[in-house]
Structure formats: C-alpha cells, structure tokens
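Asks:
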Amino acid sequence: MKKVIVTGGAKGIGKAICEDQIKRGNFPIILDLDKENACLNIRRWSDQFSVTADFIKADVTDWQSMETAAAQAEDKHGKIDILVVNAGVSHRASFDELGPKLWQKTIDINLTGAFFTVKAFYRHFTEYREEADGRIIFITSGSAITGTGGGAHYAASKAGNHGLMRALSKDLKRTGTTVNAIAPRVIATELFDDLYPEQKNRDAILNSIPVGRFGTPEDVASLVNYLCSEEASYIHGQILLLDGGRTY
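Going by our numbering, the sequence shown wraps up at 267, each residue one higher than the last.
Structure representation (structure tokens):
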C-alpha cells in the first residue's frame, strides 16, 4: 500500500485522484483547506470501499502550514511514496483586465504553492529507492503550452510548474523517484462550469475536441495511476498533454 499526498484533494480532479488511488489499494492523504468536503469524501469512501483516507488541513501558500502538514503526515503515516501537486486556482481575465492582485494570487497558489509542497516533502524522495517507486506528479494545464484557457497569469503559473518539474527531474536523478507533469485542457469539473456557464461556449469548445467529449477527472486520475505504475518507471521529466487531441 502506497501513501499518497494529494494537494487540493477535496474536490474536482484531486478528489478523483484520491478515489482512484483507494480503488487501487493505496492510502491517500488529502491536503486542503476544505475540511468539510474532504471529510465527507472520506466518510463516503469508508462506507463504499471499507477503507479509509486521511485529511490534513494545509494552505499551500503558507510555508509554515506546509511544513507542519508534512510533519503531521510523517508522524502519522511514515514515508510518503507518491506526491501529487494538484492544488490550483483559475480566474479568467484578459490581459487588459488582469491586475497585480489577481496575478499575485494566481502565482502564490499555483506556482509558489507547488514549490512549497515539493519542498515540504522533498526529503521523502531524496533517499535511493531500490524498487524505484517514488513519484512526484504535477497537475498543470494545457494553457502552459497554448497560452489560452485562462489568461496570462494562469498560463504563466502553470508554465512555471513545468520548469519546476523539469528542474526536479534533474535534482532527483538516480533516486528511484520519477517526476512528471500531466497537462489537462478541458476537464468537466465545477471549475469548468464556473468558467463556462453559457451552453454556446461549451458547445464551441466541444466541437474543437477531436475525440468528441470533454475530459473527466477520472481521465486525469487514470493517467496519474499509470505514471505511478512500474510500467511507467522510464517516463521522467515529461509533460503529458491530456486534451482529447485538441491542441495538435
């Protein structure tokens, strides 16, 4: 049983990743500010799968909070095997509309939060793993590649994640830990509903996706699971674009 940290695991993609990891016999630990939804999910999983998970309240933008959360996770569960850097925020704005406050908030959560997350758990992955089963996976966005889908602030924050991931892949060479990023584009979550409330806009996006459907949180969770598998042990330092063929 692998121990899996998932930031932003209370809702959306993070929730789907946690549930998928439970189904595969692993133990997810949710790091989030949303205690209510996290605990509701844990109770439901316990009833449905007769297994449990854990929740630790943490703010990815606060270094002390992340240090404390990492210490709590280690005290309760020991060495962490898989780290999913998922917490993020998106508020659409054109460059004309974009101001310093929204820029900084987005960078603080999406990029600095990713750095604080990895830094807090880094030592779990620096010691050599003979089974080569350590995994750090960033959930980023196709916006980092295309520049579309949220605005300059969002695209820049996610592109920063790609740079962070690739630097870590060099720092963690020959440790038995792989580091990769999954870059989804259109995923049907509550956030997507908020960003695109009008049906005509959703229809236009759907028409641009060659596979003919929106992605789901479960699509992301399945790719996370593959990257965690032994079969993916040679994939390292890569960005996997998950977009139904929309980009290229």
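Glycine included, every Cβ here is placed at the ideal spot set by N, Cα and C. Being a predicted model, the structure only gives us computed values, none of them experimental.
1. Straight-line CA distance for Ser109 to Val79?
2. Is it right to say Ala59 is buried, meaning 16 or more other beta carbons lie within 10 angstroms of its own, or is it exposed?
3. Given this structure, state the Cα-to-Cα distance separating Arg232 from Lys219, to the nearest angstrom.
4. Rounded to the nearest angstrom, how far is the Cβ of Gly161 from that of Gly168, given a contact under 8 Å?
5. Between the region 62 to 72 and the region 92 to 100, do three or more beta carbon pairs fall short of 8 Å?
6. Where does the unbroken beta strand (DSSP E) through Leu261 begin, and where does it stop?
7. At what residues does the beta strand (DSSP E) containing Val108 begin and finish?
8. Using the Cα positions of Asp212 and Glu149, report the straight-line distance between them to the nearest angstrom.
9. So what's Ile156 in DSSP terms, helix, strand or just coil?
10. If I follow the unbroken alpha helix (DSSP H) through Ile41, where does it start and stop?
11. Consult DSSP for Phe74 and reduce its assignment to one of helix, strand or coil.
12. The alpha helix (DSSP H) spanning Phe46 covers which residue range?
13. Starting from Ala202 and walking both ways along the alpha helix (DSSP H), at which residues does that stretch end?
14. Using DSSP with H/G/I as helix, E/B as strand and the rest coil, what is Gly234?
15. Using the rule of at least 16 other Cβ atoms within 10 Å of the residue's Cβ for burial, across every protein chain shown, is Asn199 buried or exposed?
16. Rounded C-beta distance between Val205 and Gly234? I'm assuming under 8 Å.
17. Please identify the residue among Gln83, Asp238, Ala90, Ser65 whose C-alpha is closest to the C-alpha of Ile24.
18. Classify Tyr245 as buried or exposed, calling it buried when 16 or more other Cβ atoms lie within 10 Å of its own Cβ.
19. Taking buried to mean at least 16 other C-beta atoms within 10 Å of its own C-beta, is Val239 buried or exposed?
20. Within its chain, find whatever has a CB closer than 6 Å to the CB of His14; leave out the 5 residues flanking it on each side and keep chain order.
21. Using the Cβ count rule (16 or more neighbours within 10 Å means buried), how would you classify Met270?
22. Find out if the Cβ-Cβ distance for the pair Cys201, Ile156 is shorter than 8 Å.
23. Does the Cβ of Val243 have 16 or more other Cβ atoms within 10 Å, making it buried, or fewer, making it exposed?
24. Measure the Cβ-Cβ separation of Asp66 and Gly27 and say whether it is below 8 Å.
Replies: Once the coordinates are examined:
1. 15 Å
2. Looking at the sequence shown, residue 59 is not Ala but Leu. Around the beta carbon of Leu59, a 10 Å sphere encloses fewer than 16 other beta carbons of the protein chains shown; the residue is thus reported as exposed.
3. 15 Å
4. 7 Å
5. Because the criterion of three Cβ pairs below 8 Å is not met, the region 62 to 72 and the region 92 to 100 do not touch.
6. For Leu261, the uninterrupted beta strand (DSSP E) run begins and ends at 258 to 261, by DSSP.
7. First-last for Val108: undefined, no H or E at that position.
8. 44 Å
9. strand
10. 31 to 42
11. Strand, per DSSP.
12. Premise fails: Phe46 lies in the beta strand (DSSP E), 46 to 51, not in any alpha helix (DSSP H).
13. Ala202 -> not in any alpha helix (DSSP H); beta strand (DSSP E) instead, spanning 196 to 203.
14. In the three-state reduction of the DSSP assignment, Gly234 falls in the strand class, which pools E and B.
15. buried
16. 6 Å
17. Ala90
18. Taking every protein chain shown into account, the CB of Tyr245 has fewer than 16 other CB atoms within 10 angstroms, so this residue is exposed.
19. So Val239 counts as buried.
20. As displayed, the chain neither begins before 20 nor continues past 267, which places residue 14 out of reach and without an answer.
21. This structure cannot settle anything about residue 270, because the visible part of the chain is limited to 20 through 267.
22. Strictly speaking, residue 201 in this sequence is Ile, with Cys absent from that position. In this structure, Ile156 lies closer than 8 Å to Ile201 by Cβ.
23. buried
24. no
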